[in-house]
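Protein chains: 2
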Amino acid sequence: MVTVHDVARAAGVSISTVSRALASPERVAAVTRDRVTRVAAELGYRPNHAASGLRMGRTHAVGLLVPDLENPYFATVTKAVQARARAEGYEVFVADSDEDADMEAELIAALAARTDGVLVASPRSGEAELRAALVGVTAVLASRELPATPSGTGEPEVPCVSVDDADGVAQALGHLSALGHRTVGVAAGPASSWSSERRVAGLVAAAEHRDVQLVQLGTFQPYFAGGVQVADHALASGVTAVVAFNDLMALGILDRLRHRGVDVPGEMSVVGFDDVQLATLVSPALTTVHAPLARLGRRAVDLLLVRLRGGTAASTQLPVELTIRGSSGPVPAGPVS
Amino acid sequence: MVTVHDVARAAGVSISTVSRALASPERVAAVTRDRVTRVAAELGYRPNHAASGLRMGRTHAVGLLVPDLENPYFATVTKAVQARARAEGYEVFVADSDEDADMEAELIAALAARTDGVLVASPRSGEAELRAALVGVTAVLASRELPATPSGTGEPEVPCVSVDDADGVAQALGHLSALGHRTVGVAAGPASSWSSERRVAGLVAAAEHRDVQLVQLGTFQPYFAGGVQVADHALASGVTAVVAFNDLMALGILDRLRHRGVDVPGEMSVVGFDDVQLATLVSPALTTVHAPLARLGRRAVDLLLVRLRGGTAASTQLPVELTIRGSSGPVPAGPVS
DNA sequence: CGATAGGGTGCAAACGTTTGCAGAGCCGCA
DNA sequence: TGCGGCTCTGCAAACGTTTGCACCCTATCG
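Protein chains in written order, with this note's numbering: chain A, 138 to 474; chain B, 138 to 474.
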């Protein structure tokens, strides 16, 4: 391993000069700088991150905690986070909690110990646990708000980047309403899900403005299997359309409906949320609320870096847009009753 | 930040004792050890990774380079790698080359600089470039062999963990043959793909033992879109079945066939490779060669750790198993000609 | 010509940890 | 009582950087 000492010796200067030539070139004479950089390149000098990290107290690494890397939602976010961080000179540690809320605190601690800051995507932990896990770590949350404590509890608010859930579901409901649907089913995610709560609340609010009756189908696992379950409930409840908490669920609904011989969108309309890549690959393609997942990941990184540079970052909400595809259509003509 | 010094002072011992009490407990008296660990816990002491990394020359981190995190294949591998590494006390840096071969060398270097070793999954680089990028870094390859140089070139062989491609495609072809198919199309991946080469070669070898004629449909992008393209070629060529390089392609084929009104498996059988989660979610579900992706990721970590501990790791090939689902069936009765 | 300013460089300390070496205390045995 | 050996602990160096401080040299100005 070649160090600053080797470069210094070979270039006939002191190690301070080598360090400066590479880190702050304007502080050393042009001729020296060129010689040093040339020698460093020739010797294949690679700065030792552990050493500079120790000296400067910053690792130039960030951590990312996700509940499930195999979930296409988080895959997209992770990819975007990685790209943005790298563009800003940061490397990213990835940790997967495997949907286990109890693991989150431990993983956050592990990440925080080796990084300058951590990004926590859609944490499954309860509010208190999450707050506890986050003391002393500079973090940014994705798709989860941590309400400010009453006042001056000393807990600094953790910035959050989320998506405009209320607007998204309002658009979805407006679309269905325009198609003539009057009773639409709501398939919520797990009760502990912050996003699900927001989306359901948004639907309820939106329904008040419209001549639409909401039917709560229950809470389900936010995966394909959960959607399969939803489908039967939807059919039993007599709704003509269903809004799913997310795309994975919506895809499960679609699949189950096909197996039960129900035509989509002829007999039932289905709307998802997130617009994962897969939504375009099924048929009929899924009508869904497009959430800018990559942008969310990038924004989260940006907020974290602002905080790391001493700035103060405010929570952000990203706009969403309903994307109409094949899974939604006019309400069936013949009344069922 | 609380350091060994703080703990030492609070416990009334020297920093050496603190360090030893935590790292090699058997070397310090039981009573002292207990006091130190208690004080350390009370003070919330967290060892500084940069410092120990500097001193010991090991970071206890590994790097993982994948071509595309959004590809479910790599998502699964990444998840498994992360889990295994963490279980062994290692954290993992993830880098995504975005399918860009030219980025790989740079990313490998960046990862190698901050880690003890790196895992390279399905690199897209050519042999020479890859070999060059890997000098001086302890690495393990996944799904890619780097043939040993002629002899004694000093290049240490890079261990590789892969899947038994030849056996997989042989099983697939045997299955189709047993169903009566006599002309089967082969949809290859990119020419630069090592796996694709192996699978195509395996098919050719397997076809020789059987009364089956292979029709090379060409090389395609190993994604859904590539598969869409394949489908038209397959229909035009008159084959009754097609073996795709991977599941993503196979899913594209399925989708395109449906849009063109071709019944699967009634009129055409389709077989994939990898068995990504998605393969079970479409209908008909995809008949495919199940590759133990998670096991592959875990094994790769194991090999890397063996090397890091000074051992010598040999390349491994994992067994595969054909999983028959709905996309393959008996050859159509009526002759087309 | 002398004083001063400022650019360029080197010395050495510091970051927090691990560890070789050596000292201190104790036990047991002769 | 003297001595060897063993256990436990502390001292200090080292890992590779960055950076405050001080030095030297040259150029500029009075």
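Cβ atoms here follow ideal geometry from the backbone N, Cα and C, with glycine treated the same way.
All figures in this text were calculated on a predicted structure; none of them were measured in a lab.
Assuming residue i and residue j are in contact, meaning their beta carbons sit under 8 Å apart, how far apart are those beta carbons, in whole angstroms?
| i | j | result |
| --- | --- | --- |
| Leu256 of chain B | Gly200 of chain B | 7 Å |
| Asp205 of chain B | Glu228 of chain B | Their Cβ separation, rounded to whole angstroms, is 22 Å, which puts Asp205 of chain B and Glu228 of chain B out of contact at 8 Å. |
| Ala431 of chain B | Ala187 of chain B | No, Ala431 of chain B and Ala187 of chain B are not in contact; Cβ-Cβ is about 32 Å, not under 8 Å. |
| Val168 of chain B | Ser156 of chain B | Incorrect: roughly 17 Å between the Cβ atoms, too far for contact. |
| Leu391 of chain B | Val380 of chain B | Contact doesn't hold; Cβ gap of about 13 Å is too wide. |
| Phe357 of chain A | Gly326 of chain A | 7 Å |
| Val426 of chain A | Gln308 of chain A | 6 Å |
| Leu340 of chain B | Leu316 of chain B | Not quite, the Cβ-Cβ distance comes to about 16 Å (not below 8 Å), so this is no contact. |
| Phe382 of chain B | Arg335 of chain B | With 8 Å as the limit, Phe382 of chain B and Arg335 of chain B do not qualify as a contact, their Cβ atoms being about 10 Å apart. |
| Ala258 of chain A | Val295 of chain A | Contact flag wrong, Cβ pair sits at about 13 Å. |
| Arg435 of chain B | Arg221 of chain B | 4 Å |
With a threshold of 16 other CB atoms inside 10 Å of the CB of residue i, please say whether the residue is buried or exposed.
| i | result |
| --- | --- |
| Gly375 of chain A | exposed |
| Arg393 of chain A | buried |
| Pro456 of chain A | exposed |
| Val277 of chain A | buried |
| Ser474 of chain B | Note on Ser474 of chain B: pLDDT 47, under 50, position unreliable in the model; no value is reported. |
| Asp400 of chain B | exposed |
| Gly226 of chain B | exposed |
| Ser151 of chain A | exposed |
| Arg444 of chain B | buried |
| Ala232 of chain B | buried |
| Arg261 of chain B | buried |
| Thr449 of chain B | exposed |
| Gln350 of chain A | exposed |
| Thr424 of chain A | buried |
| Pro284 of chain A | exposed |
Helix, strand or coil for residue i per DSSP?
| i | result |
| --- | --- |
| Ser474 of chain A | In this prediction, Ser474 of chain A has a pLDDT of 47, which is less than 50 and means its spatial position is unreliable; nothing more can be read from the coordinates. |
| Ala148 of chain A | helix |
| Glu264 of chain A | helix |
| Gly364 of chain A | helix |
| Thr449 of chain A | coil |
| His318 of chain A | coil |
| Gln219 of chain A | helix |
| Ala428 of chain B | coil |
| Phe230 of chain B | strand |
| Asp439 of chain A | helix |
| Ala285 of chain A | coil |
| Arg157 of chain A | helix |
| Asp239 of chain B | helix |
| Glu404 of chain B | coil |
| Val165 of chain B | coil |
Going along chain A, which residues have a C-beta under 7 Å from residue i?
| i | result |
| --- | --- |
| Gly190 of chain B | Ala187 |
| Arg268 of chain B | What Arg268 of chain B touches in chain A: nothing, since even the nearest Cβ is about 17 Å away. |
Determine, using beta carbons only, whether residue i and residue j come nearer to each other than 8 Å.
| i | j | result |
| --- | --- | --- |
| Pro402 of chain A | Gly355 of chain A | no |
| Ser280 of chain B | Val300 of chain B | yes |
| Val323 of chain A | Val365 of chain A | no |
| Glu207 of chain A | Pro209 of chain B | yes |
| Val419 of chain B | Leu385 of chain B | no |
| Val331 of chain B | Glu266 of chain B | Position check: residue 331 of chain B holds Trp in this sequence, whereas Val was assumed. Not a contact, by the Cβ cut-off of 8 Å. |
| Gly181 of chain A | Val144 of chain A | no |
| Arg539 of chain A | Pro162 of chain A | An answer regarding residue 539 of chain A cannot be provided, because it is not within the stretch 138 to 474 covered by chain A. |
| His318 of chain A | Val438 of chain A | no |
| Arg397 of chain B | Leu372 of chain B | yes |
| Ala250 of chain A | Arg183 of chain B | yes |
| Ala342 of chain A | Ala378 of chain A | no |
| Val298 of chain A | Leu442 of chain A | no |
| Val214 of chain A | Leu433 of chain A | yes |
| Arg192 of chain A | Asp253 of chain A | no |
At a CB-CB cut-off below 8 Å, which residues of chain B make contact with residue i?
| i | result |
| --- | --- |
| Glu228 of chain A | Phe230, Ala232, Ala247, Leu248 and Arg251 |
| Ala220 of chain A | Asp233 and Asp235 |
Name the chain A residues whose beta carbon is nearer than 8 Å to that of residue i?
| i | result |
| --- | --- |
| Gln414 of chain B | Glu207 |
| Arg395 of chain B | Ser420 |
Below 7 Å on C-beta distance, what does residue i contact in chain B?
| i | result |
| --- | --- |
| Ala212 of chain A | Leu206, Glu207 and Ala212 |
| Arg183 of chain A | Ala250 |
| Thr460 of chain A | Within 7 Å Cβ-Cβ: nothing; Thr460 of chain A doesn't reach chain B, min ~18 Å. |
| Ala325 of chain A | Under the 7 Å cutoff, chain B gives no residues; its nearest Cβ is about 22 Å from Ala325 of chain A. |
| Ile215 of chain A | The question names Ile, but residue 215 of chain A in the sequence shown is Thr. Residues of chain B passing the Cβ test: Leu206. |
| Thr196 of chain A | Ala187 |
Along chain B, which residues have their Cβ under 9 Å away from the Cβ of residue i?
| i | result |
| --- | --- |
| Leu418 of chain A | Phe361, Leu388, Gly389, Asp392, Leu415 and Val419 |
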